[in-house]
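Novice:
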Amino acid sequence: MRGYDPSQVEPKWMARWEEEGLYRASEDPSDPRPRFYALDMFPYPSGDLHMGHAEAFSGGDAVARFTSMRGYNVLHPIGWDAFGLPAENAAIKRGTHPKEWTYANIEQQRRSFARMGMSFDWSRRFNTCDPEYYRWTQWLFLKLFERGLAYRKTAPANWCPNDQTVLANEQVVNGECERCGSAVVRKDLTQWFFKITDYAQRLLDDMDELVDWPERVITMQRNWIGRSEGAAVEFEIVEAGERVEVFTTRPDTLWGVTFFVFAPEHPLVPRLAEVGGTRDRLKVLLDRLQATPLTNREQAESRDGIDLGVHAVNPVNGEKVPCFVAPYVLMEYGTGAIMGVPAHDQRDFEFANEYGLEIRVVIKPEGTQGEEALAVTCHEGSGVMVNSGPFDGKRSPESISAVARWLEEQGKGRASVSYRLRDWLISRQRYWGAPIPIVHCEEHGEVAVPEEELPVLLPDDVDFRPGGDSPLARQETFVNVSCPRCGRPARRDTDTMDTFVDSSWYYFRYCSPLDERRAFDPEAVARWMPISQYTGGVEHAILHLLYSRFFTKVLHDMRLVPFTEPFPRLMNQGQVIFGGASMSKSKGNIVEPMPLVERWGADTLRLTMLFAGPFEDDIDWKLIAPDADRRPGVSSWLGRVHAVVFEASESEAVEPDALRRLAHRTVRGVTDDLERFRFNTAISKLMVLSNEMRSALEAGGGAREAAELLGLMLAPFAPFLAEELWREALGRPESVHAAAWPLFDPGLAREETVTLVVQVDGKVRDRIEVEVDASEDRCRELAMASGGLRRALADRPVARVIVRAPRLVNVVTSQG
RNA sequence: GCGAGAGUGGCGGAACCAGGUAGACGCGCCGGACUUAGGAUCCGGUGCCCGAAAGGGCGUGGGGGUUCGAGUCCCCCCUCUCGCACCA
Numbered sequence: 121m122r123g124y125d126p127s128q129v130e131p132k133w134m135a136r137w138e139e140e141g142l143y144r145a146s147e148d149p150s151d152p153r154p155r156f157y158a159l160d161m162f163p164y165p166s167g168d169l170h171m172g173h174a175e176a177f178s179g180g181d182a183v184a185r186f187t188s189m190r191g192y193n194v195l196h197p198i199g200w201d202a203f204g205l206p207a208e209n210a211a212i213k214r215g216t217h218p219k220e221w222t223y224a225n226i227e228q229q230r231r232s233f234a235r236m237g238m239s240f241d242w243s244r245r246f247n248t249c250d251p252e253y254y255r256w257t258q259w260l261f262l263k264l265f266e267r268g269l270a271y272r273k274t275a276p277a278n279w280c281p282n283d284q285t286v287l288a289n290e291q292v293v294n295g296e297c298e299r300c301g302s303a304v305v306r307k308d309l310t311q312w313f314f315k316i317t318d319y320a321q322r323l324l325d326d327m328d329e330l331v332d333w334p335e336r337v338i339t340m341q342r343n344w345i346g347r348s349e350g351a352a353v354e355f356e357i358v359e360a361g362e363r364v365e366v367f368t369t370r371p372d373t374l375w376g377v378t379f380f381v382f383a384p385e386h387p388l389v390p391r392l393a394e395v396g397g398t399r400d401r402l403k404v405l406l407d408r409l410q411a412t413p414l415t416n417r418e419q420a421e422s423r424d425g426i427d428l429g430v431h432a433v434n435p436v437n438g439e440k441v442p443c444f445v446a447p448y449v450l451m452e453y454g455t456g457a458i459m460g461v462p463a464h465d466q467r468d469f470e471f472a473n474e475y476g477l478e479i480r481v482v483i484k485p486e487g488t489q490g491e492e493a494l495a496v497t498c499h500e501g502s503g504v505m506v507n508s509g510p511f512d513g514k515r516s517p518e519s520i521s522a523v524a525r526w527l528e529e530q531g532k533g534r535a536s537v538s539y540r541l542r543d544w545l546i547s548r549q550r551y552w553g554a555p556i557p558i559v560h561c562e563e564h565g566e567v568a569v570p571e572e573e574l575p576v577l578l579p580d581d582v583d584f585r586p587g588g589d590s591p592l593a594r595q596e597t598f599v600n601v602s603c604p605r606c607g608r609p610a611r612r613d614t615d616t617m618d619t620f621v622d623s624s625w626y627y628f629r630y631c632s633p634l635d636e637r638r639a640f641d642p643e644a645v646a647r648w649m650p651i652s653q654y655t656g657g658v659e660h661a662i663l664h665l666l667y668s669r670f671f672t673k674v675l676h677d678m679r680l681v682p683f684t685e686p687f688p689r690l691m692n693q694g695q696v697i698f699g700g701a702s703m704s705k706s707k708g709n710i711v712e713p714m715p716l717v718e719r720w721g722a723d724t725l726r727l728t729m730l731f732a733g734p735f736e737d738d739i740d741w742k743l744i745a746p747d748a749d750r751r752p753g754v755s756s757w758l759g760r761v762h763a764v765v766f767e768a769s770e771s772e773a774v775e776p777d778a779l780r781r782l783a784h785r786t787v788r789g790v791t792d793d794l795e796r797f798r799f800n801t802a803i804s805k806l807m808v809l810s811n812e813m814r815s816a817l818e819a820g821g822g823a824r825e826a827a828e829l830l831g832l833m834l835a836p837f838a839p840f841l842a843e844e845l846w847r848e849a850l851g852r853p854e855s856v857h858a859a860a861w862p863l864f865d866p867g868l869a870r871e872e873t874v875t876l877v878v879q880v881d882g883k884v885r886d887r888i889e890v891e892v893d894a895s896e897d898r899c900r901e902l903a904m905a906s907g908g909l910r911r912a913l914a915d916r917p918v919a920r921v922i923v924r925a926p927r928l929v930n931v932v933t934s935q936g
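Per the working numbering: the first sequence = residues 121 to 936.
(1) So does the region 562-571 actually touch the region 394-405, counting three or more Cβ pairs closer than 8 Å?
(2) Quick check on P218: buried or exposed, where buried means 16 or more other Cβ atoms within 10 Å of its Cβ?
(3) Apart from the five residues just before and just after E147, which ones in its own chain have a Cβ nearer than 6 Å to its Cβ?
(4) Rounded to a whole number of angstroms, what is the C-alpha to C-alpha distance between A270 and W861?
(5) Applying the criterion that 16 or more other CB atoms from any shown protein chain within 10 Å of the CB defines a buried residue, is A646 buried or exposed?
(6) Once you ignore the five residues that flank A207 on each side, which residues in its own chain have a CB closer than 7 Å to its CB?
(7) State yes or no: is the C-beta of S702 within less than 8 Å of the C-beta of Q695?
(8) P89: which of V183, E140, R231, E795 sits nearest, CA to CA?
(9) When you compare only the Cα positions, how much space is there between E385 and P591?
(10) Which of helix, strand or coil does DSSP assign to F246?
(11) Do the region 655-674 and the region 634-644 touch if we need at least three Cβ pairs shorter than 8 Å?
(12) Sort out for me which residues DSSP pairs N930 with in a bridge.
(13) Tell me whether K219 sits in a helix, a strand or coil according to DSSP, three-state version.
(14) What distance in whole Å lies between the Cβ atoms of P713 and H170, which are believed to be in contact at a cut-off of 8 Å?
(15) How do the region 882-892 and the region 901-917 stand: do at least 3 beta-carbon pairs fall below 8 Å, yes or no?
(16) Should I357 be labelled buried (16 or more other beta-carbon atoms within 10 Å of its own) or exposed?
(17) For F246, collect the residues of the same chain with a Cβ closer than 6 Å to its Cβ; drop the 5 residues on either side in sequence, then sort them by chain order.
(18) If you follow the beta strand (DSSP E) that Q549 is in, where does it begin and where does it stop?
(19) Run through DSSP, which three-state label would T285 get?
(20) Under 6 Å Cβ to Cβ from R255, same chain only, skipping five residues before and after it: list those, please.
(21) Have a look at the DSSP bridge pairing and note the partners of C603.
(22) Since L690 sits in a beta bridge, which residues does DSSP pair it with?
(23) Roughly how many angstroms lie between the CA atoms of H173 and M729, to the nearest whole one?
(24) With a floor of 3 residues, list each beta strand (DSSP E) that falls wholly inside the region 733-798, ordered by position along the chain.
(25) Going by DSSP, name the residue or residues bridged to K440.
(26) Taking the straight line between their C-alpha atoms, what separation do you get for G789 and G215?
(27) Are there 16 or more other CB atoms within 10 angstroms of the CB of R924, so buried, or fewer, so exposed?
(28) Please state whether the Cβ-Cβ distance between L142 and F313 is less than 8 Å.
(29) What's the call for K673, buried or exposed, on a 16-neighbour Cβ count within 10 Å?
(30) Quick one, which of R751, V461, P839 has its alpha-carbon nearest R726's?
(31) When DSSP labels each residue in this structure, what does C561 get in the three-state scheme?
(32) Only counting the same chain, and skipping five residues up and downstream in sequence, which positions put a Cβ closer than 6 Å to that of G513?
(33) Is Q419 helix, strand or coil by DSSP?
(34) Comparing C-alpha positions only, which one of V621, P334, R336, L392 sits nearest to A360?
(35) Between A145 and V183, which are expected to be in contact by the criterion C-beta below 8 Å, what is the C-beta distance as a whole number of angstroms?
(36) Following the continuous beta strand (DSSP E) through D160, name the residue where it begins and the one where it ends.
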């Protein structure tokens with residue numbers, strides 16, 4: 121590498137920027153600049169920064185720098201999402217403490233970010249595992265508890281009998297524990313939940329406010345919430361005298377009910393088996409399910425079940441149908457019980473075939489007699505209602521709402537809505553997390569820890585290895601407390617919170633990170649939020665983004681924040697993969713970003729990421745960087761930019777008009793590209809400009825104006841070189857990152873001539889340079905006289921001439 | 001199965017929004033220059049086919065359509081990626 125040496129230049133500016141406090145957001149009320157909150161999803165400190173961070177933060181930083189240069193007061197904070205299982209697992213493996221491992225990684229990542237030249241406001245930085253932070257996570261828990269949005273219930277969970285711990289669904293791979301490989305079983309545990317289902321409808325409705333989210337993320341959230349409209353219908357269980365409600369999206373098929381099914385966990389099931397004399401059969405089924413992990417069971421497509429020996433009465437026709445228990449009915453959705461309509465539901469159809477149940481057609485497909493096709497399949501589509509009492513002859517599915525209204529009039533049911541979304545299970549029987557601030561008193565039950573006693577500190581000296589219950593339960597001094605209400609001996613809750621709780625509100629904290637009296641200052645939040653631009657990976661499309669939206673709505677209801685959506689604008693960067701697959705240790709295909717920074721410089725790494733393709737597309741490192749030893753193309757370009765700008769700054773020669781015009785057009789184009797995060801095309805435009813500057817200098821001209829514009833426009837992408845050029849080559853005293861983004865001169869940016877394309881029957885036959893304001897007549901004249909056209913036309917007669925001045929003339933010879 | 005998105009040179013990609021020069025910019029490759037050497041730097045070439053050249057033909061996954069004109073719009077099909085996956 122000759123000439124420009126990033127290993128000398130980059131550390132120099134890194135130190136200067138820190139001295140000058142260049143990237144502090146201003147809280148000065150007299151600061152007239154509009155505010156802009158640029159947020160990147162904060163990192164998890166599982167080691168040094170990886171390629172995904174390099175990609176995401178290169179884009180986020182470009183946005184922050186561009187916006188700042190355009191005159192905004194930019195808040196661009198950083199922190200760490202630092203609680204969680206990986207820290208514990210790593211600590212167990214290495215024999216260190218999770219805290220030690222976590223803080224060491226944070227420090228490593230902090231240094232790497234600084235080395236990459238990220239324009240963070242470091243003064244606002246915090247970690248979610250700091251007591252000063254999780255104190256307020258606990259406070260938020262208490263607020264939800266007060267509002268009835270945090271509650272405990274017993275629910276089945278995935279349990280690894282070897283590791284003696286609960287596993288998240290993601291940690292169960294093919295029914296086995298991802299760590300030890302033993303078969304996972306179900307275990308009923310009492311867990312804390314957040315009642316996100318209360319907000320299901322608002323989470324859907326407020327999607328209108330997500331003005332700039334990727335469509336696929338919206339769709340994923342909508343599907344995840346899974347709103348279904350239909351009807352709730354009551355069936356009576358004859359032998360037990362119980363009434364049971366079902367939810368159905370197809371009340372129009374009610375007359376086709378031939379059986380009734382309960383989920384195995386349905387609370388009524390044990391009693392019904394008692395009444396029906398089928399306890400033993402039920403026990404066999406439940407025992408088998410107990411040995412099956414939840415995730416596996418959900419994937420199983422068996423139509424297993426048992427006959428309960430009791431009957432349900434169909435309210436629309438008074439018929440008695442047999443009741444079953446079958447695992448294909450889920451307790452978590454609807455009411456945990458369904459009506460079986462085998463003629464018009466695939467699963468019910470399969471179940472009926474398994475148990476020889478009647479299949480009764482009530483929707484006749486158009487143009488058929490109905491019955492014959494049903495030997496092999498069911499009919500879920502449209503048709504005419506038959507055997508359906510008052511609705512015979514009506515069309516389905518158009519009559520669904522009419523049936524729902526009729527049910528309501530008859531007192532047999534009502535229109536109803538059901539959601540797929542379930543409440544958020546937030547308790548973890550693990551050590552490295554924020555303790556749940558609750559005390560269990562024999563007399564008073566669940567008692568909130570008084571706010572002034574927060575934080576409930578996570579004790580350091582705990583045997584944190586997993587083993588049955590929560591590790592905190594083994595720490596007597598932690599567990600044994602007195603009840604805040606009555607003072608008698610009580611036990612602290614020993615679960616910790618899911619890390620997604622920590623990350624659901626961190627962006628509020630950045631607005632007033634040092635506040636010791638509150639989670640955040642509502643006035644500061646009102647000033648800075650909602651977030652102007654949020655950047656992060658699509659892997660958070662559901663969990664983090666949905667939870668954060670939920671938290672924001674709760675805070676809104678508490679009148680602490682004036683808005684209901686935290687991130688109206690969201691940008692998803694693509695993943696960095698290798699050879700078509702994600703980078704992972706087990707595949708041994710991890711490429712680390714920091715060694716590349718050491719070798720070629722931070723600017724080169726950033727440009728490599730941003731120039732590789734559209735920001736939202738995946739980058740396959742194997743394809744864009746085939747030879748690790750070779751100098752990357754963008755690095756060579758930076759070297760040429762360095763040389764050409766220094767030469768231009770020293771040249772007294774007159775700058776050619778053509779170059780000046782190109783420079784102004786480039787300002788227009790790059791500005792436009794940056795507004796839409798089209799970093800790759802913006803960079804290509806800068807390359808064209810630098811190439812033309814070189815040509816101008818070779819031809820004996822100057823390039824001073826172009827050099828200044830190039831230096832400014834380079835700042836968001838290659839902040840180090842841009843600074844070197846601005847201060848050292850162009851002799852500016854202030855940082856380029858405090859300079860104003862250039863404006864283009866519209867007169868100069870306008871093209872003077874364009875290429876007029878001459879076509880015959882749509883095929884290009886000639887090209888002519890014409891003035892940009894050439895008239896239709898002039899274009900036609902020039903085109904008709906052109907050599908290429910006459911050659912191609914020969915003697916053929918002209919049928920028509922299409923003129924689109926000043927770009928195109930198409931001569932048509934054949935009759936269309 | 002349902003939902004979403006994407007198929008353009010040897011490769012990453014551009015031509016967006018608004019139908020009008022397909023392949024910008026870069027990588028790689030080929031040739032040359034400077035060099036003891038280069039993984040350094042600089043210059044030229046590079047979609048495919050025919051042709052010495054001029055020039056011509058073909059070309060955006062496949063097929064059809066609309067149009068003077070289609071990578072772009074419409075219909076059908078194929079392939080790939082991602083998400084959800086017994087949601088009643």
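Ideal placement from N, C-alpha and C gives every residue a C-beta, glycine not left out.
Specialist: Looking at the atomic coordinates:
(1) Touching, no.
(2) Result: buried.
(3) Once the five neighbours on either side are set aside, E147 has no close Cβ partner at all.
(4) Between A270 and W861, the alpha-carbon positions lie close to 48 Å from each other.
(5) Answer is exposed; the Cβ neighbour count stays below 16.
(6) Answer for A207: P218, W221, T222, W552, listed in chain order.
(7) A Cβ-Cβ contact shorter than 8 Å links S702 with Q695.
(8) In the structure as shown, the chain begins at 121 and stops at 936. Residue 89 is therefore absent and cannot be evaluated.
(9) Looking at the backbone, the Cα of E385 and that of P591 are separated by about 29 Å.
(10) In the structure shown, F246 falls within a coil segment according to DSSP collapsed to helix, strand and coil.
(11) Contact fails: fewer than three Cβ-Cβ distances are below 8 Å.
(12) Paired residues: Q879, I922.
(13) In the structure shown, K219 adopts helical secondary structure according to DSSP, grouped into three states.
(14) Yes, they are in contact, since the Cβ atoms of H170 and P713 sit about 7 Å apart, within 8 Å.
(15) Taking 8 Å as the limit for Cβ pairs, the verdict is that the region 901-917 does touch the region 882-892.
(16) With 16 or more Cβ atoms within 10 Å of its Cβ, I357 is classed as buried.
(17) The residues are G199, Y253, P633.
(18) Neither: Q549 is in no beta strand (DSSP E) and is coded neither H nor E.
(19) Reduced to three states, the DSSP call for T285 is strand.
(20) Only L574, P575 meet the Cβ criterion.
(21) DSSP links C603 through a beta bridge to no other residue.
(22) Answer is Y654.
(23) Rounded to the nearest whole angstrom, the C-alpha separation of H173 and M729 is 11 Å.
(24) If we require 3 residues or more, the region 733-798 turns out to have no beta strand (DSSP E) run fully inside it.
(25) According to DSSP, K440 bridges with V433.
(26) Straight-line Cα distance between these residues: approximately 55 Å.
(27) Exposed, because fewer than 16 other Cβ atoms sit within 10 Å of the Cβ of R924.
(28) Remark: C-beta atoms of L142 and F313 do not approach each other more closely than 8 Å.
(29) Buried.
(30) For R726, the nearest C-alpha among the options comes from P839.
(31) Under the three-state reduction of DSSP, C561 is assigned to strand.
(32) Cβ within range, chain order: n/a, list empty.
(33) Reliability fails at Q419, whose pLDDT of 47 lies under 50, so the model's placement of it is uncertain and no value is given.
(34) The candidate whose alpha carbon is nearest that of A360 is L392.
(35) The beta-carbon distance between A145 and V183, rounded to whole angstroms, is 15 Å. This is too long to meet the 8 Å contact definition.
(36) Note, D160: beta strand (DSSP E), 155-160.
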